[in-house]
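Let me begin by presenting the structure, written as structure tokens, before commenting on it.
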Amino acid sequence: MASHFSDKQTYQKDFDSKAYLEMYYAAEKGHLIKDEYLKFILKNLFNTFTSGMGCKGNLLIDIGTGPTIYQLLSACESFKEIIATDYTDRNRQELETWLKKEPGAFDWSSVVKSVCELEGDREKWAEKEEKLRRTVAQVLKCDVTEKNPLDPLVLPQADCLLTCLCLEGACKDQDTFCCALRNISSLLKPGGHLVMGGVLGSDMYMVGEKPFSVLSIDKEFLEKAVSDGGYVVEKFEVQPRSDMTGFHLARHNAAFFVLARKMSLK
Ligand SMILES: C[C@](O)(C/N=c1/sc2cccc3c2n1CCC3)C(=O)N1CCN(c2cccc3cnccc23)CC1
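Just so you know, we're using the working numbering here: the sequence shown kicks off at 19 and counts up by one.
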């Protein structure tokens, strides 16, 4: 158990984006690949964004993107513009490096190919990468603990809010989680969709030699937090964790996927 809370300064100072990418998303051996988290999330994102669930529009904001783009691959088919956001400079830098095809960019091609396979044509992976690069308009700093997480920017409200593996890493307790959910909800239009993926029952995860704390949440807490946050839950999937090999690196017992709609005022 990480003895202390990994606050935003710790992330800014100690979160090694490259080590994280290698450890969790490297083809074949990445821990979130082997333990099926990624397969589960990609299938749910595919069903939500590209198979007629009606989740489409002009603007999607991804909150706490981290240094990863897997979560945007299906969304870029249904939204004209995507804004990626993260707290740490190195995560945003890692995203920019991939978006600009600069040297040292992480190789996402095997993940891109699996999403293209879901969409029906594995060969289209190069076009898919280019489509994503064209759709991500900006990479902004965000802090979910702020009333306006994008402060000082004030953006038009988004049609969809996406957030994966962020709030459980950013929030030290359940109250902070609920507050952060309300903060990010201010960025979403009434009637817009919240799409959230992550893990249940985790208390920490390793990045290189460093432990990062995780707020351990369960299905009941999450369902209540989303409903109390002003949403109607439309879909809530949980996948218990099967493969325990990477257990000591990222202790969680299930992956979750939530699709919810922000209630309109009237
Ligand atoms: C998504 C991620 O890749 C983290 N990935 C992973 S892998 C893994 C494996 C098992 C368990 C867990 C887990 N997690 C996240 C925690 C749960 C990332 O890099 N993050 C998320 C947390 N984030 C912030 C920190 C502090 C404050 C913030 C304030 N606002 C916005 C963001 C803030 C920084 C960027």
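Idealized CB from N, CA, C, for every residue including glycine. Computed from a predicted model, the values in this text were never measured in an experiment.
Open item on the list: Distance check for C73 and D104, CA to CA, integer angstroms please.
Closed with: In this model, D104 and C73 are separated by some 23 Å (Cα to Cα).
- [ ] Consider the C-beta atom of L205 and the heavy atoms of ligand 1; say whether any pair is separated by less than 7 Å.
- [x] No, the Cβ of L205 stays beyond 7 Å of every heavy atom of ligand 1.
Task: Beta bridge counterpart(s) of L179 as assigned by DSSP - done: Paired residue(s): I79 and L212.
TODO: For the region 110-123 and the region 171-184, state whether three or more C-beta atom pairs, one from each stretch, are separated by less than 8 Å.
DONE: Judged by Cβ distances under 8 Å, the region 110-123 makes no contact with the region 171-184, as fewer than three pairs qualify.
Task: Delimiting residues of the alpha helix (DSSP H) encompassing K31 - done: Counting along the chain, K31 sits inside the alpha helix (DSSP H) bounded by residues K26 to D32.
- [ ] Please specify which runs of the beta strand (DSSP E), each continuous and at least 3 residues long, are wholly inside the region 186-236, giving them in chain order.
- [x] Runs of the beta strand (DSSP E) lying entirely within the region 186-236 and spanning at least 3 residues, in chain order: 206-218, 222-225 and 228-231.
Task: Extent of the continuous alpha helix (DSSP H) run through R110 - done: First-last of the alpha helix (DSSP H) with R110: D107 to L117.
Task: Segment contact flag, the region 221-238 with the region 186-202, C-beta cutoff 8 Å, min 3 pairs - done: Touching, yes, given that three or more Cβ pairs across the two stretches are closer than 8 Å.
TODO: Using 7 Å as the cut-off, classify the Cβ of T86 as near or not near the heavy atoms of ligand 1, replying yes or no.
DONE: Yes, the beta carbon of T86 sits closer than 7 Å to at least one heavy atom of ligand 1.
Open item on the list: For L91, which residues in the same chain have their Cβ closer than 7 Å to its Cβ, ignoring the five residues on either side in sequence?
Closed with: Excluding sequence positions up to five before and after L91, its CB lies within less than 7 Å of the CB of V130, V133, K146 and L150, all in the same chain and listed in chain order.
TODO: Return yes when the Cβ of I87 is within less than 8 Å of the Cβ of L56, no when it is not.
DONE: Note that the C-beta distance between L56 and I87 is not below 8 Å.
Open item on the list: I want to check one thing, is the minimum distance from the CB of K26 to the heavy atoms of ligand 1 below 7 Å?
Closed with: Yes.
Open item on the list: Under 7 Å: does the beta carbon of Y105 sit that close to some heavy atom of ligand 1?
Closed with: Within the cutoff, so yes.
Task: Buried versus exposed call for K280 [16 or more other C-beta atoms within 10 Å across all chains shown] - done: Per the 10 Å Cβ criterion, buried.
Task: Rounded straight-line distance, which links the Cα of S127 to that of A45 - done: Looking at the backbone, the Cα of A45 and that of S127 are separated by about 9 Å.
Task: Rounded distance between the beta-carbons of G215 and N59, thought under 8 Å - done: Before going further, note that residue 59 is Ile rather than Asn in the sequence given. That pair is a contact at about 5 Å.
Open item on the list: In this structure, how does DSSP classify I100 when only helix, strand and coil are distinguished?
Closed with: Three-state DSSP puts I100 in a strand.
Open item on the list: In this structure, how does DSSP classify R259 when only helix, strand and coil are distinguished?
Closed with: Secondary structure of R259 (DSSP, three-state): coil.
TODO: Rounded to whole angstroms, what's the CA-CA distance from D32 to A272? Just pull it up for me.
DONE: Rounded to the nearest angstrom, the two C-alpha atoms are 26 Å apart.
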